[in-house]
Amino acid sequence: MDAGERLQRLYRQAERGDLVHFLSGAEPGSDEALFAFADRVRREHVGDAIHLRAIVEFSSFCRNDCLYCGLRRSNRGLPRLRMPAEEIVAQCRRAEALGFRTIVLQSGEDPFYGREAVVDLVRRVKGATGLAVTLAVGERDEEEYRTFFDAGADRYLLKHETSDRALYERLDPGLSHERRIACLRVLKRIGFQTGSGIMVGLPGQTLESVADDILLFRDLDIDMIGCGPFIPHPATPLAAEPAGSEELTYRVVALARIVTRDTHIPATTALAVTAGDAGRASALCRGANVVMPNVTPQPWRRAYEIYPNKGRTEVFDPALLERLRRTARQLGRFIAEDAGDRLPSGRRLS
Ligand code: SF4
Numbered sequence: 000m001d002a003g004e005r006l007q008r009l010y011r012q013a014e015r016g017d018l019v020h021f022l023s024g025a026e027p028g029s030d031e032a033l034f035a036f037a038d039r040v041r042r043e044h045v046g047d048a049i050h051l052r053a054i055v056e057f058s059s060f061c062r063n064d065c066l067y068c069g070l071r072r073s074n075r076g077l078p079r080l081r082m083p084a085e086e087i088v089a090q091c092r093r094a095e096a097l098g099f100r101t102i103v104l105q106s107g108e109d110p111f112y113g114r115e116a117v118v119d120l121v122r123r124v125k126g127a128t129g130l131a132v133t134l135a136v137g138e139r140d141e142e143e144y145r146t147f148f149d150a151g152a153d154r155y156l157l158k159h160e161t162s163d164r165a166l167y168e169r170l171d172p173g174l175s176h177e178r179r180i181a182c183l184r185v186l187k188r189i190g191f192q193t194g195s196g197i198m199v200g201l202p203g204q205t206l207e208s209v210a211d212d213i214l215l216f217r218d219l220d221i222d223m224i225g226c227g228p229f230i231p232h233p234a235t236p237l238a239a240e241p242a243g244s245e246e247l248t249y250r251v252v253a254l255a256r257i258v259t260r261d262t263h264i265p266a267t268t269a270l271a272v273t274a275g276d277a278g279r280a281s282a283l284c285r286g287a288n289v290v291m292p293n294v295t296p297q298p299w300r301r302a303y304e305i306y307p308n309k310g311r312t313e314v315f316d317p318a319l320l321e322r323l324r325r326t327a328r329q330l331g332r333f334i335a336e337d338a339g340d341r342l343p344s345g346r347r348l349s
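Position one of the sequence shown corresponds to residue 0 (numbering that gives the first Met the number 0), numbered consecutively onward.
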């Protein structure tokens, strides 16, 4: 069976074996066929729009101790900063003035931001702007999630990181894989547009488990899928581990597109950190349709160092928006003007 036939089969009915085949990249020419097919599926199912989401990282406090993350509580060298609510609202207004239609409010699992504080924040942002609000504030119970939704939050991001339960629980001590998946199911049930994602190239991760991650995105009907390469942080126990590969990350992006079809898939910040603007453009040609610029100002930006170099630019550079517009034009694409809800297209490749 040639790569084209196998891709058609994957598109119709994804199986672990075909996913592993393309993830391995072992067959000569399979990457080219995969990327071209993913780009075609992207065009058919979500069109040529590139959606922008502005990220505000508002607290670097975290009660968890994930082995791969610079925000882990055991990292005593990281400044812990919490942006005041007025400042968060001001940043949201600024993002809206720059043309963003979606804001992602992201933090570590900060106990200060309990139910009332998050609800208050969502209400303030929704009252002050017309932005779609995406929350990324970690694991909560169902009642809290419902309260956030009722307060006006539109979307929620909670990466499952890896479908390999043993690996997850080794890398995220104290967290339960079962609970994480249960949280994603609850978020979907409540009505959030729900985002998940993985890190590609985690120490101990297998291609089989990455294939399972892609099938899990489909089975949970995840709306937004973020896949970035693992980048070792020097202040974590994984400092000496090799970084995840960009090529494998592109394959995951492409396969996630083919299997889930009409989801939103960002060219992730982690990919832009390792491969720059060119990495972002490559992902956009291989299935991605979203870019998430980080608009967090200093000093909060520097404090939110999940992986090294993430905060290297001193401030958000509005010229990035012009560069993205230019990239979009060069790719025959355009920057969307709307909030970019997931709209199942129901289209099919002929
Ligand atoms: S990955 Fe998230 S939960 Fe884990 S330590 Fe980092 S910020 Fe906290």
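Backbone N, C-alpha and C define an ideal beta-carbon position, used for all residues, glycine too.
Note that the coordinates shown come from a computational prediction; the quantities given were computed from them, not determined experimentally.
Report all residues from its chain with a CB closer than 6 Å to the CB of residue i; omit the five preceding and five following residues, and keep chain order.
i, result
"Arg-5", "Asp-17"
"Tyr-10", "Ile-257"
"Ala-152", "Val-121, Val-132 and Leu-134"
"Phe-36", "Leu-6"
"Ala-353", "The chain is shown from 0 up to 349; residue 353 falls before or after that span and cannot be answered."
"Thr-259", "Phe-216 and Arg-217"
"Thr-295", "Val-55 and Glu-56"
"Arg-114", "Glu-143 and Thr-146"
Between which two residues does the alpha helix (DSSP H) carrying residue i extend?
i, result
"Phe-36", "29-45"
"Ile-180", "176-189"
"Cys-91", "84-97"
"Ile-257", "245-259"
"Thr-262", "First-last for Thr-262: undefined, no H or E at that position."
"Tyr-167", "164-170"
"Gly-350", "An answer regarding residue 350 cannot be provided, because it is not within the stretch 0 to 349 covered by the chain."
"Gly-227", "Per DSSP, Gly-227 belongs to no alpha helix (DSSP H); it is in the beta strand (DSSP E), 223-228."
"Ser-59", "Note, Ser-59: premise wrong, no alpha helix (DSSP H); not H, not E."
"Thr-268", "268-283"
"Arg-301", "299-302"
"Ser-23", "15-23"
Keeping to the same chain, check which residues put their C-beta closer than 7 Å to that of residue i; ignore five residues upstream and five downstream.
i, result
"Gly-310", "Low local confidence applies: a pLDDT of 48 at Gly-310 is under 50, so the model's placement there is unreliable, and no value is given."
"Asp-220", "Lys-187"
"Val-88", "Arg-123, Val-124 and Ala-127"
"Ile-264", "Ile-224, Val-252, Ala-255, Arg-256, Gly-286, Ala-287, Asn-288 and Val-289"
Give the range of the beta strand (DSSP E) segment to which residue i is assigned.
i, result
"Tyr-144", "Taken as a continuous stretch (DSSP letters only), Tyr-144 belongs to no beta strand (DSSP E), being part of the alpha helix (DSSP H) at 141-150."
"Phe-111", "Run containing Phe-111: none; DSSP gives neither H nor E here."
"His-50", "48-51"
"Ser-208", "Counting along the chain, Ser-208 falls outside any beta strand (DSSP E), though it belongs to the alpha helix (DSSP H) covering 206-218."
"Thr-101", "101-106"
"Gly-196", "192-199"
"Tyr-10", "Unbroken run through Tyr-10 is the alpha helix (DSSP H), 2-11; no beta strand (DSSP E)."
"Thr-133", "131-135"
"Leu-391", "Since the first and last residues shown for the chain are 0 and 349, residue 391 lies out of range."
Report the residue from the options whose alpha carbon sits nearest the alpha carbon of residue i.
i, options, result
"Gly-286", "Val-252, Ala-327, Ala-280 and Asp-261", "Val-252"
"Ala-131", "Leu-215, His-50 and Pro-172", "His-50"
"Asp-316", "Ala-94, Ile-264 and Asp-211", "Ala-94"
"Ala-327", "Leu-348, Ser-281 and Ile-189", "Ser-281"
"Leu-97", "Tyr-67, Leu-342 and Leu-320", "Leu-320"
"Gly-28", "Gly-3, Gly-107, Cys-182 and Phe-57", "Gly-3"
"Phe-148", "Gly-113, Gln-192 and Ile-230", "Gln-192"
"Leu-201", "Pro-231, Glu-138 and Gly-107", "Pro-231"
"Pro-83", "Leu-323, Arg-139, Ala-116 and Arg-164", "Ala-116"
"Glu-138", "Leu-323, Ala-150, Val-185 and Leu-170", "Val-185"
"Gly-203", "Gly-107, Glu-14 and Phe-229", "Phe-229"
"Met-198", "Ser-106, Ala-53 and Tyr-249", "Tyr-249"
"Gln-297", "Ser-195, Ser-58, Arg-114 and Leu-183", "Ser-58"
"Arg-15", "Gly-113, Arg-169 and Asp-212", "Asp-212"
"Pro-110", "Ala-210, Leu-183, Leu-348 and Val-136", "Val-136"
"Ala-32", "Arg-42, Glu-240, Pro-78 and Asp-1", "Asp-1"
"Pro-78", "Ala-53, Glu-85, Gly-107 and Ile-54", "Gly-107"
"Gly-194", "Val-272, Gln-105 and Arg-169", "Gln-105"
"Arg-92", "Arg-81, Arg-75, Ala-53 and Tyr-67", "Ala-53"
"Gly-76", "Glu-336, Arg-325 and Thr-235", "Thr-235"
"Leu-237", "Leu-323, Leu-170 and Glu-43", "Leu-170"
In chain order, what residues of the same chain have a beta carbon less than 8 Å from the beta carbon of residue i, not counting five sequence neighbours either side?
i, result
"Cys-284", "Phe-34, Asp-38 and Leu-330"
"Ser-208", "Thr-161, Ser-162, Asp-163 and Leu-166"
"Thr-205", "Asp-163"
"Pro-233", "Pro-307"
Discussion item. Could you check whether the stretch 13-30 touches the stretch 262-273, counting it as contact only if at least three pairs of C-beta atoms, one from each stretch, sit closer than 8 Å?
Written reply: Short answer: they don't touch.
Discussion item. When you compare the stretch 222-229 with the stretch 153-164, are there three or more beta-carbon pairs, one atom per stretch, that lie closer than 8 Å?
Written reply: Contact between the stretch 222-229 and the stretch 153-164 is present, because at least three Cβ pairs lie under 8 Å.
Worksheet item: Are the stretch 280-295 and the stretch 87-103 touching by the rule of at least three beta carbon pairs closer than 8 Å?
Response: Judged by Cβ distances under 8 Å, the stretch 280-295 makes contact with the stretch 87-103, as three or more pairs qualify.
Practice prompt. Evaluate contact between the stretch 60-74 and the stretch 274-281, counting only Cβ atoms and requiring at least three cross-stretch pairs below 8 Å.
Written response: Fewer than three beta-carbon pairs drawn from the stretch 60-74 and the stretch 274-281 are found closer than 8 Å, and the two stretches are therefore not classed as touching.
Discussion item. For the structure I just gave you, are there three or more beta carbon pairs, one from the stretch 117-131 and one from the stretch 70-78, closer than 8 Å?
Written reply: Under the three-pair Cβ rule at 8 Å, the stretch 117-131 does not count as touching the stretch 70-78.
Worksheet item: Does the pairing of the stretch 167-183 with the stretch 241-250 give three or more beta-carbon distances under 8 Å?
Response: Two segments are said to touch when three or more pairs of C-beta atoms, one from each, lie closer than 8 Å; by this definition the stretch 167-183 does not touch the stretch 241-250.
Worksheet item: Okay, do the stretch 133-146 and the stretch 333-344 touch, 3+ Cβ pairs below 8 Å being the bar?
Response: Contact between the stretch 133-146 and the stretch 333-344 is absent: fewer than three C-beta pairs spanning the two stretches fall below 8 Å.
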